[in-house]
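Line order of the protein sequences matches chains A and B.
Quick note on the working numbering: the first sequence kicks off at 17 and runs consecutively.
Quick note on the working numbering: the second sequence kicks off at -18 and runs consecutively.
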Amino acid sequence: MAEIVSLAEAIRRAVGDGDAVAMEGFTHLIPFAAGHEVIRQRRRDLTLIRMTPDLIYDQLIGAGCARKLVFSWAGNPGVGSLHRFRDAVEHGWPRPLEIEEHSHAGMANRYVAGAAGLPFAVLRGYNGTGLANTGLANTGLAAQTATIKSITCPFTGQRLTAVAAVNPDVAVIHAQRADTSGNVQLWGITGIQKEAVLSARRSVVTVEEIVPTLDPRPNAVVLPSWAVTYVARAPRGAHPSYAQDYTVRDNDYYVAWDAIARDRETFGRWLEENVYAGSPA
Amino acid sequence: MTDSPPYSADEMMTVAAARALADGMTCFVGIGLPSAAANLARATHAPNLVLIYESGTIGAKPRQLPLSIGDGILAETADAVVSVPEIFNYWLQPGRIDVGFLGAAQIDKFGNINTTVVGDYEHPTVRLPGAGGAPEIAASCAEVIVIVRQSRRTLVEKVDFVTSVGYGTGAGDRERLGLRGRGPRQLITDLGVLTPDPLTCEFTMTGIFGGVRTETIREQTGWDLAIAASPRVIPPPTAAELAALRAFRGGPG
């Protein structure tokens, strides 16, 4: 059964230094409040896993929490670069960042394999991005990333691609709500959150609200209480992303982030004023 | 020349890209210029164009341009919202989607796309966002349209990193690599339209926007570009196209 605890308590118990942490939410329901709590608790040497690192990992990377990033698209959607991510990769600031990169299809299938208890997943992907028999050798993703390998179908002989399962120590997601027993319900763009939670050893789910009972919603993903480790109430915990039917995406914030993150000092001030000085929700 | 109101090069490019989409097609849309063009097509000549975003929104009908691929407006107006594994595994991978619409930081003369790094992979001069959905979109859609602003920095002889494969090193590579879609059929820039040579697959300038000089096109291309003997002159945006495009500007273009 999931324990319902405060956000600070959930992060203290679930996320340790050196852990592999997947904070998921595909544009929608990004667990920003939980990310800020990880920064506040000054976790270090994390392997951060996320399809679209977005502002949340720009903040964690800039704050020095990460040793490694596993990802498939690291940009500020519709705006441009993630400057803290770029500074870490291009200049090693505030510390060098190891990277392991995939395509979205590859990352999605790695989570599927992890959730299914399989060592790898199979897809038609990455072809030509690093195969030795082309003039394009040694430049593409398949050549750079050790968790991508070519595989032959045992039934048809087709050449396909295998990607290694991902099994994070902890998955962190945000959902619209949970009931008082810790059953979790999320809807709208549900992304990869179900697979992230089921592939991980532990999980933290922050929610907009805790209600006595969950009434059915079309297209909702329900994670039963016994499949979740901690539930914490964090209203507006997805800001500046959004929680459908509760909050709207703060597009202005995404645009404003570009200038904040571009400069190390401006970012440092932002961190002091908005994360370290803040209290957990 | 016509009664078309004044327009920018970016508007001409977006309009040309929108015209490349036929009504009733299914289209996998990247954010930014591709999204603007696909939404313009749906607002003008292609009302039944099916817009598919990698966030899992199938048949999205946004009233203004979304900033991200997962804005609420996409989910609220979609025919179906599916998970991320499903959008890639069930919808894109089997070849159900007619057109993939991509941007690029670099693209070479064989249509290979780089969105990963400028410079060396281990020590990049510029770290770009990475692959996202593009490698599989480029592999599996029946055809691909690429939209980029034309410059020597963007249209290069050889990309620094192959994020998504176009025609590889030339004709026959897609078949050898097992890529099932036909690959990039049009490269639409702010100067005109490039299409692959039917024999060599090297991109050739076959359409030019009104008022663009061939010297400018050569200056803005990083390889020795072939220009068709009598390139098609692409008609300027109509008043209706411009009005529809500008009406979307409630959101960023």
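Positions of the beta carbon are idealized from the N, C-alpha and C atoms, including for glycine.
Same chain only: Cβ atoms within 7 Å of residue 160 (chain B), ignoring 5 sequence neighbours per side = 120 and 146
Got a sec: which bits of the stretch 23 to 41 of chain A sit with their beta carbon under 7 Å from any beta carbon on chain B, in order along the chain?
-> none
Length of the line joining the Cα atoms of residue 150 (chain A) and residue 162 (chain A) | Residue confidence for residue 150 (chain A) is low, a pLDDT of 46 falling below 50, so the modelled location carries little weight; the figure read from the coordinates is stated next. About 19 Å.
With 8 Å as the limit, tell me which residues of the stretch 73 to 102 of chain B have their beta carbon closer than that to any beta carbon of chain A; keep them in chain order.
-> 73, 74, 93, 97 and 102
Step through the CB atoms of chain B and report whether any lies within less than 7 Å of the CB of residue 183 (chain A).
-> no
For the beta strand (DSSP E) that residue 136 (chain A) lies in, which residues bound it at each end?
-> 136 to 139
Closest by C-alpha distance to residue 17 (chain A), when choosing among A:252, A:127, A:144 and A:241 = A:241
Any idea which residues DSSP pairs residue 190 (chain A) with across the strands?
-> For residue 190 (chain A), which the question treats as bridged, DSSP gives the partners A:222.
Counted within 10 angstroms of its Cβ, other Cβ atoms place residue 83 (chain B) as buried (16 or more) or exposed = buried
Exposure of residue 165 (chain A), with buried meaning 16 or more beta-carbon neighbours within 10 Å = exposed
Cβ of residue 260 (chain A) less than 7 Å from any chain B Cβ?
-> yes
The alpha helix (DSSP H) spanning residue 270 (chain A) covers which residue range?
-> 267 to 278
Should the stretch 71 to 81 of chain B be called in touch with the stretch 47 to 60 of chain B, which here means at least 3 C-beta pairs below 8 Å?
-> no
Express the C-alpha separation of residue 150 (chain B) and residue 177 (chain B) in angstroms, rounding to a whole number.
-> 13 Å
Mind checking which residues open and close the beta strand (DSSP E) that includes residue 210 (chain A)?
-> Looking at the DSSP string, residue 210 (chain A) is not in any beta strand (DSSP E); the run it does join, the alpha helix (DSSP H), is 209 to 215.
Considering only residues of the same chain and omitting the five flanking positions on each side of residue 96 (chain A), which have a CB-CB separation below 7 Å?
-> 274
For residue -5 (chain B), return the contacting residues in chain A, with the cut-off set at a CB-CB distance below 8 Å.
-> Going along chain A, no residue has its Cβ under 8 Å from residue -5 (chain B), so there is no contact; the nearest lies around 15 Å.
Less than 8 Å between the CB atoms is what I'm expecting for residue 66 (chain A) and residue 39 (chain A), so what's the real figure, rounded?
-> 6 Å
Under the three-state DSSP convention, the category residue 56 (chain A) falls into = Residue 56 (chain A) falls in the helix class under three-state DSSP.
Starting from residue 121 (chain A) and walking both ways along the alpha helix (DSSP H), at which residues does that stretch end?
-> 120 to 132
Who are the Cβ neighbours of residue 37 (chain B) in its own chain at under 7 Å, not counting the five residues just before and after it?
-> 62, 63, 64, 65, 67 and 68
Please list the partners that residue 124 (chain A) has in chain B, where partner means a Cβ-to-Cβ separation under 7 Å.
-> 65, 66 and 69
At least one CB of chain B closer than 7 Å to the CB of residue 78 (chain A): is that the case?
-> no
Just the chain A side, please: which residues come within less than 8 Å of residue 211 (chain B) by C-beta, in chain order?
-> Correct list: empty, because the minimum Cβ distance to chain A is about 33 Å.
Taking buried to mean at least 16 other C-beta atoms within 10 Å of its own C-beta, is residue 169 (chain A) buried or exposed?
-> exposed
Straight-line CA distance for residue 148 (chain A) to residue 180 (chain B)?
-> For residue 148 (chain A), the predicted structure reports a pLDDT of 36, less than 50, and the residue's modelled location is therefore unreliable. The matter cannot be settled from this model.
If the cut is a Cβ gap below 9 Å, which residues of chain A does residue 196 (chain B) touch?
-> Per Cβ cutoff of 9 Å: no residues; residue 196 (chain B) is ~31 Å from chain A at best.
Where does residue 29 (chain B) land, buried or exposed, given buried means 16+ other C-beta within 10 angstroms?
-> exposed
How would you list, in chain order, the residues of chain B whose beta-carbon sits under 8 Å from the beta-carbon of residue 43 (chain A)?
-> 36, 49, 50, 51 and 52
Since residue 145 (chain B) sits in a beta bridge, which residues does DSSP pair it with?
-> B:94
How should residue 154 (chain A) be labelled, buried or exposed, when 16 other C-beta atoms within 10 angstroms of its C-beta is the threshold for buried?
-> In this prediction, residue 154 (chain A) scores a pLDDT of 43, lower than 50, which makes its location untrustworthy; no coordinate-derived value is stated.
Is any beta-carbon of chain B found at less than 7 Å from that of residue 153 (chain A)?
-> With a pLDDT of only 44 at residue 153 (chain A), under the threshold of 50, the placement of this residue in the model should not be trusted; the figure read from the coordinates follows. No - not a single Cβ of chain B is within 7 Å of the one on residue 153 (chain A).
Counting contacts by CB-CB distance shorter than 7 Å, is residue 201 (chain A) in contact with chain B?
-> no
Taking all protein chains shown into account, decide if residue 210 (chain B) is buried (16 or more other Cβ within 10 angstroms of its Cβ) or exposed.
-> Around the CB of residue 210 (chain B), fewer than 16 other CB atoms lie within 10 Å, so the residue is classed as exposed.
Per DSSP, which one or two residues make a beta bridge with residue 262 (chain A)?
-> Answer by DSSP bridge pairing: none, since residue 262 (chain A) is not bridged.
In or out: residue 230 (chain B) buried (at least 16 other Cβ within 10 Å) or exposed?
-> exposed
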